[in-house]
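**Q** Encoded as C-alpha cells, here's the structure I'll be asking about.
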Amino acid sequence: MEYRRLWFSAVMLGLLAGCATNPTVTSRQLIFYPPPPAAPRIQFLVGFSVEQDLGSAKVTFAELITEEKRVSDAIDKPYGIVMRDSQVLVCDTATHAINIMDLSGQPRMQRFAPTGLAEMRTPIGIAVDTDGTRYVADSGRQRILIYGPDEVLRAEIASDKDVMKPTGIAVKGNRLYVADLEGSCVHVYDKDGYKPLFTIPRNPKAEQPGKLFKPVNIALDNKGQLYVCDIASCEVQVYDTEGKHLRTIGSRGDSIGQFVRPKGIAVDSAGRVFVVDAATQVCQIFDANGKLLLFFGEPNNTAGSLALPAGICVGEQNVAFFQKFAAPDFVVEELILITNQYGAKKVNVYGLGHKK
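In our numbering, the protein residues as written are 473 to 828.
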C-alpha cells in the first residue's frame with residue numbers, strides 16, 4: 473500500500489511539473505494574418521480564461537484532479553477589457569465581477585467582486601485612470617461605479633433626468649466619457665466632482681451628421697478625438713474634443729469595411745482604429761481616415777477564431793510577457809486583446825508586428 477502511495481505521488485508530481493511548464497510555439501500551429509504569401513502583420517499568440525492558460529505554475533493536487541477552482545475562477549461571459557501597467561482587467565457579466573490578470577511575475581488572476589452597496593450587477597465597460605481609479609459602466613445598475621485604487625467604492629454617477637444605460641466608458645485628462653445606449657449619446661463629465669459638461673451630440677434627438685442611435689462602445693485617440701460604435705446604424709462616428717462631428721467610418725453591410733453588429737473599438741498610438749463585429753466575428757483595422765487596412769479572426773472553432781466577440785483593447789504594455797508566444801522570427805510591437813462571450817478561451821491575444 474505504501475509503495476502505491478509513493479508511486480501515485482510521483483506520478484502526480486510529474487503531472488504538476490508538466491502543468492507548470494510554459495507553452496512553446498513549437499507545440500502548436502502558428503496563425504498569421506494576412507495568410508501567406510502576404511507578409512504577416514498579426515499573429516494569434518494565445519487565448520486564456522484562467523491563469524494556467526498563460527503558464528501559471530500555481531496548481532494544487534485538488535485542482536488537478538477536480539479542476540474545481542479552475543472552473544470557479546474562470547472568466548465566464550466577458551465584455552469590456554482594458555490593460556493598465558501589468559494588469560489586464562476584464563468585465564464579466566455572468567459573475568458580476570472584474571477579473572484581474574496580473575502579469576508582473578507568474579500570471580495570477582483574482583476576481584474583484586465587491587458586495588453590498590458597492591456590488592456590480594452587469595459590468596459592461598471599464599476604464600482605469602493613471603492613478604489606478606477604476607470606472608465601471610454597470611448597465612444593470614444603470615450607473616457608473618467609481619472605485620479607488622484601494623478598491624473601495626468612492627462615488628457613483630447616475631442620470632438625474634432619464635434612465636441611463638451606460639455601456640462604453642473612457643477617461644482622458646480631466647474628462648470622463650460614458651456611452652448611453654438609452655439616451656443615444658455620449659455623456660461627458662468633469663472628473664473633479666463628476667459634474668456633467670455636455671453630451672455628444674449636443675442635441676441627441678436632432679437629425680444631424682453624426683447622430684447616434686444606439687452607441688455601445690467608445691475609444692479616444694491621442695488627440696482626444698472620440699470614436700463611437702453605433703450598433704443601430706452600423707457605423708463608427710468620430711468627433712473632436714468638443715463634440716463636433718468629423719467623419720463616419722464604415723456602413724451597414726457584410727462586406728469588408730462594413731459592419732453588421734459593431735461592438736468593441738480601440739485606437740492605438742499610431743491612430744489605427746480597431747473595430748470588433750459580433751455578427752461577422754472579425755476585427756477590422758482602419759487608418760485614421762477610415763481606410764480599411766486589414767481584418768483578422770474568423771467565425772469557426774479553430775485557434776485564433778472569435779466567438780461572439782465583444783470588447784477590445786490595444787497597447788504596448790506587456791509585450792515582453794507575450795513575446796514568448798510568438799514565432800521566433802516574429803517581433804511583437806503591440807498587443808490586441810479581444811473578449812469572446814462564447815468558446816473555450818474568453819480572451820484572445822494577438823500580436824501586431826513584423827517578421828525579422
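Every residue, glycine too, gets a C-beta built ideally from N, C-alpha and C.
1. Whose CA, out of I810, A792, T811, L809, lies closest to the CA of F802?
2. Do R724 and V710 have their beta-carbon atoms positioned less than 9 Å apart in this structure?
3. What are the start and end residues of each continuous beta strand (DSSP E) run of 3 or more residues lying completely inside the region 733-760, in chain order?
4. Assuming F802 is part of the beta strand (DSSP E), what are its boundary residues?
5. If you follow the beta strand (DSSP E) that F670 is in, where does it begin and where does it stop?
6. My guess is that L684 and P668 are in contact by the Cβ rule of under 8 Å, so how many angstroms apart are they, rounded?
7. With C-beta atoms as the reference, is G519 less than 9 Å away from G776?
8. Apply the 10 Å Cβ neighbour rule to Q728 and answer buried if 16 or more other Cβ atoms are within range, or exposed otherwise.
9. In terms of residues, what are the limits of the alpha helix (DSSP H) holding F794?
10. Are there 16 or more other CB atoms within 10 angstroms of the CB of S611, so buried, or fewer, so exposed?
11. If you draw a straight line from the alpha carbon of V624 to that of F797, how long is it in whole angstroms?
12. So, for I784: in the same chain, excluding its five sequence neighbours on each side, which residues have a beta-carbon less than 6 Å away from its beta-carbon?
13. Just reading off the beta strand (DSSP E) that M581 is part of, what are its end residues?
14. Taking S521 as the reference, which of V635, I641, M581 has the closest Cα?
15. Grab me the residues of M555's own chain with a C-beta within less than 6 Å of its C-beta, minus the 5 sequence neighbours each way, in chain order.
16. Can you check the region 656-713 for any beta strand (DSSP E) of at least 3 residues that lies completely inside it and give the ranges in chain order?
17. In terms of DSSP beta bridges, what is E628 paired with?
18. According to the Cβ coordinates, are G552 and A630 closer than 9 Å?
19. D523: buried (16+ other C-beta within 10 angstroms of its C-beta) or exposed?
20. Give me whichever residues DSSP pairs with F520 in a beta bridge.
21. Less than 8 Å between the CB atoms is what I'm expecting for Y619 and R613, so what's the real figure, rounded?
22. Around the Cβ of E617, are there at least 16 other Cβ atoms within 10 angstroms (buried) or fewer (exposed)?
23. In three-state DSSP terms, what is D557?
24. In whole angstroms, what separates the C-alpha of G588 from that of D622?
25. To the nearest angstrom, how far is the alpha carbon of Q578 from that of Q795?
26. Do S741 and E654 have their C-beta atoms within less than 9 Å of each other?
27. Based on the DSSP output, what are the partners of K827 in its beta bridges?
28. Can you give me the C-alpha to C-alpha distance between T567 and D548, rounded to a whole angstrom?
29. Is the beta carbon of Q756 sitting closer than 9 Å to the one on G722?
30. Of all the options D603, Q680, Y607, which has the alpha carbon lying nearest to the alpha carbon of A569?
31. One question on the structure: do S656 and P676 come within less than 9 Å of each other, judged by their Cβ atoms?
32. Compare the C-alpha of V804 against each of H826, V821, Q813, K817 and name the closest.
33. Check for me: the beta strand (DSSP E) holding L765 runs from which residue to which?
34. Let me know the secondary structure DSSP gives G645 once reduced to three states.
35. Can you tell me which of the three DSSP states L424 falls into?
36. Is it right to say Q813 is buried, meaning 16 or more other beta carbons lie within 10 angstroms of its own, or is it exposed?
**A** Once the coordinates are examined:
1. Among I810, A792, T811, L809, the Cα nearest to that of F802 is on A792.
2. Taking 9 Å as the cut-off, the beta carbon of V710 is found no closer than this to the beta carbon of R724.
3. 734-739, 745-749, 754-758
4. 802-812
5. F670 -> beta strand (DSSP E) spans 667-672.
6. Actually they are not in contact, since the Cβ atoms of L684 and P668 sit about 17 Å apart, beyond 8 Å.
7. yes
8. Looking at the sequence itself, residue 728 is Ile, so the reference to Gln does not match. With fewer than 16 other Cβ atoms within 10 Å, it is exposed.
9. Element bounds for F794: 791-794.
10. buried
11. 36 Å
12. The beta carbon of I784 is closer than 6 Å to those of G736, A738, F746, V748, I810 in its chain, skipping five residues each way along the sequence.
13. M581: member of the beta strand (DSSP E) spanning 580-584, first to last residue.
14. M581
15. Non-local C-beta neighbours of M555 in its own chain, meaning closer than 6 Å and more than five positions away in sequence, comprise C785, G787, Q789, ordered along the chain.
16. 657-662, 667-672, 687-692, 698-702, 707-711
17. L617
18. no
19. The sequence given here places Glu at residue 523; Asp does not occur at that position. E523 is buried by the Cβ-count criterion.
20. V819
21. No, Y619 and R613 are not in contact; Cβ-Cβ is about 13 Å, not under 8 Å.
22. According to the sequence as given, residue 617 is Leu; it is not Glu. By the 10 Å Cβ count, L617 comes out buried.
23. coil
24. Going from the Cα of G588 to the Cα of D622 covers about 16 Å.
25. If you take the alpha carbons of Q578 and Q795, they lie about 15 Å apart.
26. no
27. F802
28. 7 Å
29. yes
30. Y607
31. In contact: S656 and P676 (Cβ atoms closer than 9 Å).
32. H826
33. 764-768
34. Here G645 sits in coil by DSSP.
35. Coverage of the chain is limited to positions 473 through 828, which leaves residue 424 absent and any answer about it impossible.
36. buried
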